[in-house]
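Accompanying notes for the structure given below.
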Amino acid sequence: NSPEGATSSDPPVLTMGGSALYLVAVFAFYFPAVSHSQLYSLITPNVLRVESEEKVVVEAHGLGAPVAVTVAVYDFPLKKHVLYQVQTELNPANGMMGTAVIKVPTKDIKKDSRQNQYVVVQAKFPQQTLEKVVLVHFHSGYIFIQTDKTIYTPGSTVLYRIFTVGHKLEPVSKTVIVEFETPESIIVKQIPISAPLKSGIFSLNHNLPEIVSLGTWKITARYEDSPQQSFSAQFDVKEYVLPSFEVILEPSEKFLYIDGIEDFTVSITARYLYGKKLDGTAFVLFGVKMDDEKRSIPQSLKRISIEDGDGEATLTRDMLRARFANPNELVGHSLYVSVTVLTES
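Okay, so the sequence shown: first residue is 92 according to this note's numbering, each after it adds one.
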């Protein structure tokens with residue numbers, strides 16, 4: 092007999108083996124519907140730096156056909172303005188995973204706010220939109236400041252160089268604000284500098300007047316689009332200073348073979364004029380002199396420790412290839428090295 096309430100359309104009551112067959116048939120019938128519920132992923136950095144290219148990853152799980160994805164950056168929290176937008180495609184060739192490069196423009200972010208700033212990163216898929224709120228950081232990169240000496244006399248000229256690099260220490264071409272500050276914390280000079288060479292190096296000078304404040308001066312530099320972060324270097328102004336030590340450079344080889352695998356090493360020797368060896372720090376920069384032009388290798392800029400008068404700087408093959416894609420163009424030209432030594436005193 093049939094159970095109470097059953098109708099003729101109900102499936103028959105089967106044995107245990109028949110029940111197993113019945114369940115398999117039901118699952119086989121409903122399984123294809125699950126494949127239409129695709130899952131998408133959006134992966135972003137925890138922090139986005141202004142004016143810096145950052146990578147985000149988008150992925151489709153279980154999809155086999157190509158998918159166009161629009162990745163956009165919006166203001167937070169209103170999302171009224173598109174700050175940046177880029178498209179990428181997910182397809183079987185890339186494993187349904189794509190990388191989009193985005194950037195947060197400085198002009199659209201409140202620089203002077205004391206509160207944290209955020210943006211909305213949005214990935215728009217055909218069937219779904221994903222969003223993530225990300226913190227914005229006003230760190231545009233690094234600035235290195237180097238003077239030709241550490242001590243100057245009134246009326247002399249301060250020669251200095253500024254190296255502008257990004258987060259990966261790659262040269263960047265951006266406007267920099269440079270200030271000269273007296274020992275009394277008075278800013279006597281402020282200049283914007285821009286359009287440097289592709290090397291990201293500025294060579295500048297500042298004339299000290301005959302009547303000038305004696306003591307420790309400071310050169311401060313900051314990116315125009317990131318005024319919150321500044322970088323500085325100091326020098327002293329004294330009445331009269333004699334040269335106190337000499338620096339001798341000795342290369343390991345007289346030639347550098349393009350087809351070789353050895354790195355190029357330079358030994359640094361620093362001694363006081365009366366013969367005593369000194370301890371300090373050397374800032375080293377390699378470059379190539381091509382005809383009348385000196386082309387520096389920013390990747391080689393290093394801080395080297397000088398202990399008991401000796402130090403060593405190395406130009407690796409990777410540094411050379413990073414600066415010059417075609418090594419053959421260097422044949423017949425000369426390497427040069429610039430070294431500035433600072434004593435611990």
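Heads up, the beta-carbon is just placed ideally off N, CA and C, and yes, glycines get one too.
Per DSSP, reduced to three states, the secondary structure at SER391 is helical. DSSP places MET187 in no beta strand (DSSP E); its state is neither H nor E.
Annotated as distal: LYS380 and ASP401, with beta-carbon spacing of 9 Å or more. In the structure shown, LYS198 falls within a helical segment according to DSSP collapsed to helix, strand and coil. VAL224 is positioned such that its CB atom lies no closer than 9 Å to that of THR179. LEU364 and VAL338 have their C-alpha atoms spaced approximately 10 Å apart. Assigned with DSSP and collapsed to three states, GLU145 falls in strand.
CA-to-CA, the gap between SER429 and ASP370 works out to about 19 Å. It is roughly 41 Å from the alpha-carbon of THR190 to the alpha-carbon of TYR251. The Cβ neighbour count for GLN206, taken over all protein chains shown within 10 Å, is under 16; the residue is labelled exposed. Less than 9 Å divides the Cβ of THR431 from the Cβ of THR238. Contact between ILE349 and VAL263 is ruled out by a C-beta separation of about 28 Å, above the 8 Å threshold.
Only residues of its own chain outside the window of five on either side were considered, and among them ARG252 have a CB closer than 7 Å to the CB of SER294, listed in chain order. The beta carbon of PHE235 is closer than 6 Å to those of PHE254 in its chain, skipping five residues each way along the sequence. LEU221 is not a Cβ neighbour of TYR314, given a cutoff of 9 Å. Taking the Cβ atoms as the reference, GLU142 lies roughly 6 Å from ASP316, within the contact range of under 8 Å.
Approximately 7 Å separates the beta-carbon atoms of PRO418 and LEU411; this is inside 8 Å, confirming the contact. Bridge pairing for PHE293: ILE253 [DSSP]. Leaving aside the five residues that flank HIS230 on each side, the residues in its chain whose CB is nearer than 7 Å to its CB run, in chain order, ARG140, SER317, GLN320. With respect to the C-alpha of TYR331, the residue from ILE200, GLY232, PRO245 having the closest C-alpha is PRO245.
Going by beta carbons, LEU260 and VAL138 fall outside the 9 Å limit.
The C-beta of ARG394 has fewer than 16 other C-beta atoms within 10 Å across all chains shown, which makes the residue exposed. Here HIS152 has GLN129, LEU130, TYR131, SER132, MET187 as same chain residues with Cβ atoms under 8 Å from its own Cβ, once five neighbours each way along the sequence are excluded. Cβ contact annotation for VAL375 (same chain, cutoff 6 Å, sequence separation greater than five): LYS393, ILE395, ALA404, VAL430, in chain order. Taking the C-beta atoms as reference points, GLU272 is found no nearer than 9 Å to LYS329. Taking THR307 as the centre and dropping the five residues before and after it, the same chain places the C-beta of PRO274, GLN325, ASP327 closer than 6 Å to its C-beta, in chain order. LYS265 has its alpha-carbon roughly 20 Å from the corresponding atom of LEU174. Taking THR197 as the centre and dropping the five residues before and after it, the same chain places the C-beta of VAL141, GLU142, ASP316 closer than 6 Å to its C-beta, in chain order. Going by C-alpha positions, VAL210 is about 20 Å away from GLY232.
When the Cα atoms are used, VAL160 and ALA184 turn out to be separated by approximately 15 Å.
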